[in-house]
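Here the structure is laid out as structure tokens; the discussion comes afterwards.
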Amino acid sequence: MKIRKTQISKTDLINQYLPANYTECLQCNFSSIQKITADDIMVAFWTAPPKWVDSLFKLRDILVKPFGIQGGNKGNRQELEKSIRTGGTFKFMSIAAKSDEETILCANDKHLVMYLSIKIEELNESDKQVTVSTLVKFHNLLGRAYFFIIYPFHCIIVKTMLKSVLKKLKQ
Numbered sequence: 000m001k002i003r004k005t006q007i008s009k010t011d012l013i014n015q016y017l018p019a020n021y022t023e024c025l026q027c028n029f030s031s032i033q034k035i036t037a038d039d040i041m042v043a044f045w046t047a048p049p050k051w052v053d054s055l056f057k058l059r060d061i062l063v064k065p066f067g068i069q070g071g072n073k074g075n076r077q078e079l080e081k082s083i084r085t086g087g088t089f090k091f092m093s094i095a096a097k098s099d100e101e102t103i104l105c106a107n108d109k110h111l112v113m114y115l116s117i118k119i120e121e122l123n124e125s126d127k128q129v130t131v132s133t134l135v136k137f138h139n140l141l142g143r144a145y146f147f148i149i150y151p152f153h154c155i156i157v158k159t160m161l162k163s164v165l166k167k168l169k170q
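Going by numbering that gives the first Met the number 0, the final residue of the sequence shown carries number 170, and the count climbs one at a time with no gaps.
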């Protein structure tokens, strides 16, 4: 499964949140005869990360607490899944927009706002294309400093989590 960089399409829901201070759009093709939705991928993305990613998020939560930055999605994973599937809110994360093919999660804190879009397209009976787009808008200098520190991890984590999620969902 090869992940490639691409551009956000003007027809993607996430396009309405541009411009942003940081934009990343990754895409890959995969095969599965199962019906997989953008919600399925978004839920797995946030509720079933690889163990090392989960450990990194826990460390991040400890390190940012003194700065008043909210922690990750600790807590009830069923509530988080429900909020994703119904378009609701869980802690500081909410579903900003949804369509049949795309789900956009918004995480808004005092230092920045992040939008994560998952879009899935059926290419044929078994081949699918998934696009993961990330937009970040800084609210202040703390947001810029925070993102500067996490950026190298972000690049690795998103690709790793996407591969992990797709492998789990294809089973």
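Don't be surprised by glycine CBs; every beta carbon is placed ideally from N, CA and C.
Computed from a predicted structure; not experimentally measured.
Residue i CB to nearest heavy atom of the ligand NAD below 7 Å
| i | result |
| --- | --- |
| Asn14 | Here there are no bound small molecules, and the ligand NAD is not part of this structure. |
Whole-angstrom distance between residue j and residue i, CA atom to CA atom
| i | j | result |
| --- | --- | --- |
| Asp108 | Gly142 | 9 Å |
| Gln139 | Phe146 | Position check: residue 139 holds Asn in this sequence, whereas Gln was assumed. Going by the C-alpha atoms only, they are around 11 Å apart. |
| Ser163 | Met113 | 22 Å |
| Leu165 | Phe66 | 34 Å |
| Pro49 | Val157 | 11 Å |
| Ala96 | Leu104 | 7 Å |
| Thr85 | Ala144 | 33 Å |
| Lys169 | Gly87 | 26 Å |
| Tyr21 | Phe44 | 20 Å |
| Thr46 | Leu115 | 15 Å |
Contact under 8 Å by Cβ, residue i with residue j
| i | j | result |
| --- | --- | --- |
| Ile40 | Ile155 | no |
| Val83 | Ile68 | Residue identity differs from the one stated: residue 83 is Ile in this sequence, not Val. Taking 8 Å as the Cβ cut-off, Ile83 and Ile68 do not qualify as a contacting pair. |
| Glu121 | Ala37 | no |
| Phe137 | Leu111 | yes |
| Ser132 | Ile7 | yes |
| Val52 | Thr159 | yes |
| Phe91 | Ala106 | yes |
Cβ distance (whole Å) where residue i is taken to contact residue j below 8 Å
| i | j | result |
| --- | --- | --- |
| Leu134 | Ile13 | 7 Å |
| Leu62 | Phe152 | Not confirmed; about 12 Å, so no contact. |
| Leu25 | Lys9 | Contact doesn't hold; Cβ gap of about 18 Å is too wide. |
Which whole runs of the beta strand (DSSP E) in the region 111-166 are 3 residues long or more, in chain order?
111-121, 126-137
How about the region 75-86 and the region 16-25: do they share at least three Cβ pairs that are nearer than 8 Å?
no
Check whether the region 27-45 touches the region 125-137, taking contact to mean three or more Cβ pairs, one atom from each stretch, closer than 8 Å.
yes
Enumerate, from N- to C-terminal direction, the unbroken beta strand (DSSP E) stretches of 3 or more residues contained entirely within the region 12-47.
21-30
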